[in-house]
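Colleague: In the working numbering, the protein residues as written are 1438 to 1734.
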């Protein structure tokens, strides 16, 4: 009997361009997804011919070769969400005409580069913190920047209960600096500046990995073939690194377990033979008499 091909439901939804896998799981948890008329479950597998409905919209997976990748210069005031209930959502602002979603976020009060796609697979590869993908920003603050400020920003700042990873900071003029991050904590740059009593007055993202911002504010463009090839090469490379790291961790764990077993004392213990306790006498029986010595005359 021929085995029917199945696919995880969150991947099925993300492949349609409706949202990312993470957002798909949230829709499933909120009971907003139906498969063949029944409420879906997290982790469920479906077949390509199954009917999948999300928020009363039937969706179909898109061919990978037809995936969309665009770079938008987001203006201040636009929110990086697909939520139609938010009047400032980025999807309505673009009015693109096809299902796409943002890769990551850029604060509502920030501007600059944001990538949008219909390819759900590439989202986690770009956003995964362990991949150390660079993001570049130009930041303006409310008072003169000192060398001490730049040094301390580079070496890590305690925010949100953790120390930020080391980064690159370059002073551009009296009140403006460039910063390159490899992580993306919530409002990270603003919180880092606030720690040193600086207030951000303008924040613009100018680069994500190999993609540069080169369109006017409020406009977008398709990624070039060269940009897309390099982007996929970088994400594939980082994915291989993550797999190798995970395999190394697993091997180390097995090695530690094996070592622990070998270190156990396998020396055979000596058998201790104990003398049996003397049995108590029964009744009034007399103990045996000692032999009498012969007298000598």
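A virtual CB, placed ideally from N, CA and C, is assigned to each residue, including glycine.
Remember, it's a predicted structure, so these values are computed and weren't measured experimentally.
(1) When burial is assigned at 16 or more other CB atoms within 10 Å of the CB, is residue 1549 buried or exposed?
(2) Going by beta carbon distance, what residues of the same chain come within less than 7 Å of residue 1449, once the five residues before and after it are set aside?
(3) Mind pulling the beta strand (DSSP E) runs of 3 or more residues that sit fully within the stretch 1525-1571?
(4) Are the stretch 1632-1639 and the stretch 1578-1595 touching, with three or more C-beta to C-beta distances below 8 Å?
(5) So is residue 1447 buried or exposed if we call it buried at 16+ other beta carbons inside 10 Å?
(6) Taking only three categories from DSSP, how would you classify residue 1492?
(7) When you compare the CB of residue 1646 with every CB in chain D, is at least one pair closer than 8 Å?
(8) So which of 1555, 1461, 1457, 1471 has the shortest CA-CA distance to residue 1659?
(9) Identify every residue that forms a DSSP beta bridge with residue 1486.
(10) Within its chain, find whatever has a CB closer than 6 Å to the CB of residue 1644; leave out the 5 residues flanking it on each side and keep chain order.
(11) For residue 1628, collect the residues of the same chain with a Cβ closer than 8 Å to its Cβ; drop the 5 residues on either side in sequence, then sort them by chain order.
(12) Please list, in chain order, all residues of the same chain as residue 1652 whose beta carbon is under 6 Å from its beta carbon, the five residues on each side excluded.
(13) Assign residue 1758 to buried or exposed, taking buried as 16 or more other Cβ atoms, counted over all protein chains shown, within 10 Å of its Cβ.
(14) Might you give, ordered along the chain, the residues of its own chain that have their beta carbon closer than 7 Å to the beta carbon of residue 1468, omitting 5 neighbours on each side?
Modeller: Straight from the coordinates:
(1) For the purposes of this step, residue 1549 is taken as residue 112 along the chain shown, with counting starting at 1. With 16 or more Cβ atoms within 10 Å of its Cβ, residue 1549 is classed as buried.
(2) Here residue 1449 refers to the residue found at position 12 when the chain shown is read from its first residue. If we look at residue 1449 and ignore the five residues flanking it on each side, its Cβ neighbours are 1483, 1489, 1498.
(3) 1548-1554
(4) yes
(5) Position 10 of the chain shown, counted from the first residue, corresponds to residue 1447. Buried.
(6) In the chain shown, residue 1492 corresponds to position 55, counting from 1. Three-state DSSP puts residue 1492 in coil, outside helix and strand.
(7) Of the protein chains in this structure there is only one, and it is not chain D.
(8) Walking along the chain shown from the start, residue 1659 turns up at place 222. Among 1555, 1461, 1457, 1471, the Cα nearest to that of residue 1659 is on 1555.
(9) Numbered from 1 along the chain shown, position 49 holds the residue referred to as residue 1486. Paired residues: none, contrary to the question.
(10) On the chain shown, position 207 is the one that residue 1644 refers to. Here the set comprises 1573.
(11) One-based indexing of the chain shown puts residue 1628 at position 191. So the list reads 1594, 1596, 1597, 1622, once near-sequence residues are dropped.
(12) Mapped onto the chain shown, residue 1652 falls at position 215. The residues are 1510, 1658.
(13) Shown here, the chain extends from 1438 to 1734; a query on residue 1758 therefore has no answer.
(14) On the chain shown, position 31 is the one that residue 1468 refers to. 1476, listed in sequence order.
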